[in-house]
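Data block below; observations after.
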Amino acid sequence: MRVLHVVGARPNFMKAAPIIREMALYPGEFQQILLHTGQHYAPEMSKVFFDELGLPKPDVNLGVGSGSHAWQTAQIMTHSEPVLLDSNPDWVVVYGDVNSTLAVTLVCSKLAIKVAHVEAGLRSFDRSMPEEINRLVTDQIAELLFTPSRDADLNLVREGVLEDRIHMVGNVMIDTLVDLLPKAQEKWIHIKERYPFERYVLVTIHRPSNVDHPDTLSQIISALNEISYDVPVLFPVHPRTRTRIDELGLREINEDLKLLDPLGYLEFLALQMQSALVLTDSGGIQEETTYLGVQCLTARANTERPVTIELGTNQLVESNKGSLIDAMNKKLSEPSPQRTLPPYWDGHTAPRVVEVFKQLLVDKNN
Ligand code: UD1
490 MRVLHVVGAR
500 PNFMKAAPII
510 REMALYPGEF
520 QQILLHTGQH
530 YAPEMSKVFF
540 DELGLPKPDV
550 NLGVGSGSHA
560 WQTAQIMTHS
570 EPVLLDSNPD
580 WVVVYGDVNS
590 TLAVTLVCSK
600 LAIKVAHVEA
610 GLRSFDRSMP
620 EEINRLVTDQ
630 IAELLFTPSR
640 DADLNLVREG
650 VLEDRIHMVG
660 NVMIDTLVDL
670 LPKAQEKWIH
680 IKERYPFERY
690 VLVTIHRPSN
700 VDHPDTLSQI
710 ISALNEISYD
720 VPVLFPVHPR
730 TRTRIDELGL
740 REINEDLKLL
750 DPLGYLEFLA
760 LQMQSALVLT
770 DSGGIQEETT
780 YLGVQCLTAR
790 ANTERPVTIE
800 LGTNQLVESN
810 KGSLIDAMNK
820 KLSEPSPQRT
830 LPPYWDGHTA
840 PRVVEVFKQL
850 LVDKNN
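Heads up: take any position in the sequence shown, counting from 1, add 489, and you land on our numbering.
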């Protein structure tokens, strides 16, 4: 079976790595092709993850880069079409909810190439998020839907997806986390020399809803600045956020609000493990903190990952200065809540995914 995996943006890499590695255990059954769209291209947004996650070098890199949503999606579609025609895969596997996921899925639908979507069924019910549109459209087109949690199955069934196309396999990002936790622990010994704080808050903010409105971004930075006088704040800054912060022209930042360059997977995981509190608007980090049992505040009005609130350590908070300061202070004064792991967030999702493909081969040969 010829399988083409599509990655493009930072959060794709940790989802694809365990599945590619697992399929590689069966060279007689699977021939794999790795396509990188180039949505993320800076070394700290892409190459460092290939190195740390042991991903093979992409067979094809479309080198698309940044632009408006329509431009980026169109570029990926135009450039991936000849690659798909040329490589003629039996299956294309797409990951998550980024523009690369949607773009290649659309191309496959017109070429009658079957698509499998890993991390299907998540819904924020907020169509102002580009990712929600990417999720909805991808799931309508994909033939095989691998979901991380039961709420995702229910969302798909409600949207009319036939149940035999849905496979609840668990969270594949947790496979990467479980695999690399020991290496991250080793890294921590060196990292703590650089940040010799007794406790700290770790922050990632990059959603357009938080960073593209100067007033919202100012309120977030101002809240972080204030908190940092009590507990230091480590803030690895996404390129989009960096541009917006530069546009704001910030002055008078406390020296314990540390604006850092984007970090690699291992360093960020080590910092998550040891942090007193994480403030984020990322999807994956809501899940990783749930697995690690680290307190998490998500600066968004909604989440497509409700299981991290129901069972995990996550809580939503409004992106205004007062709410952020109150929520951070409250969390920092409380012990970490008891968390329960959602079913199948056990580090063995990739074998469950690959089992489904192996079964397809068996069915085909019978
Ligand atoms: C994308 C995903 C988002 C995901 C995020 C993780 C979509 C719609 N959004 O958002 O779901 O959470 O990745 O990082 O696909 N840039 C660089 N270097 C890079 C990549 C981007 O400087 O390597 C800058 C560019 O100025 C670009 C901006 O970041 O315009 C945004 O990049 P883009 O890929 O459009 O979206 P993200 O905000 O990264």
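Glycine included, every Cβ here is placed at the ideal spot set by N, Cα and C.
CB contact flag (residue i, residue j, <8 Å)
i      : j      : result
His695 : Thr665 : no
Pro578 : Arg654 : no
Ile509 : Pro545 : yes
Thr594 : Ala559 : no
Tyr780 : Phe538 : no
Ser555 : Gln561 : yes
Ser613 : Glu793 : yes
Asp586 : Asn644 : no
Val658 : Gly836 : no
Leu634 : Val646 : no
Thr636 : Ala609 : yes
Asp628 : His606 : yes
Pro725 : Leu752 : yes
Asp640 : Pro840 : no
Lys504 : Met618 : no
Pro728 : Ala531 : yes
Val604 : Val583 : yes
Leu800 : Pro831 : yes
Gly772 : Pro500 : yes
Ala765 : Val692 : no
Cβ neighbours of residue i in the same chain (closer than 6 Å, five flanking residues each side left out)
i      : result
Thr535 : The sequence shown places Ser at residue 535, rather than the Thr named in the question. Around Ser535: His529.
His525 : Val496, Pro547 and Asn550
Glu745 : Note that residue 745 is Asp in the sequence shown here, rather than Glu. These residues qualify, in order along the chain: Ser717 and Pro721.
Val845 : His656
Met817 : Ile716
Met512 : Phe519, Gln521 and Val843
Exposure of residue i, with buried meaning 16 or more beta-carbon neighbours within 10 Å
i      : result
Asp750 : exposed
Ile774 : buried
Lys820 : buried
Lys676 : buried
Asn660 : buried
Glu620 : buried
Ser761 : Looking at the sequence shown, residue 761 is not Ser but Gln. Under this definition Gln761 is a buried residue.
Ala788 : buried
Glu756 : buried
Arg740 : exposed
Glu776 : buried
Glu652 : exposed
Leu737 : exposed
Pro703 : exposed
Arg616 : exposed
Lys747 : buried
Tyr833 : buried
Asp770 : buried
Thr732 : exposed
Gly811 : exposed
Leu611 : buried
Asn854 : exposed
Glu648 : exposed
Same chain, Cβ closer than 8 Å to residue i, five either side skipped, listed in chain order
i      : result
Gln520 : Met490, Arg491 and Val492
Thr705 : Ser698, Asn699, Ser808 and Asn809
Lys681 : Gln763
Leu573 : Leu493, Val581, Val593, Val596, Cys597, Leu600 and Ile602
Ala759 : Ala673, Gln674, Lys676, Trp677 and Ile680
Gly543 : Ala506 and Arg510
Ser822 : none
Leu670 : Leu758 and Met762
Asn791 : Ser613, Phe614, Asp615 and Leu805
Gln708 : Ser808, Asn809, Lys810 and Leu813
Cβ neighbours of residue i in the same chain (closer than 7 Å, five flanking residues each side left out)
i      : result
Thr802 : Thr778, Thr779, Gly782, Val783, Gln784, Cys785, Ser825, Pro826 and Arg828
Glu715 : Ile814
Ile742 : Asn714
Leu850 : Met490 and Glu518
His568 : Leu551 and Val553
Glu541 : Gly753, Tyr754 and Leu755
Residue i beta carbon near the ligand NAD (any heavy atom closer than 7 Å)
i      : result
Tyr530 : Within the structure as shown, the ligand NAD is missing, the only ligands being the ligand UD1.
Given 8 Å, three or more beta-carbon pairs between the segment 668-688 and the segment 716-728: These segments touch.
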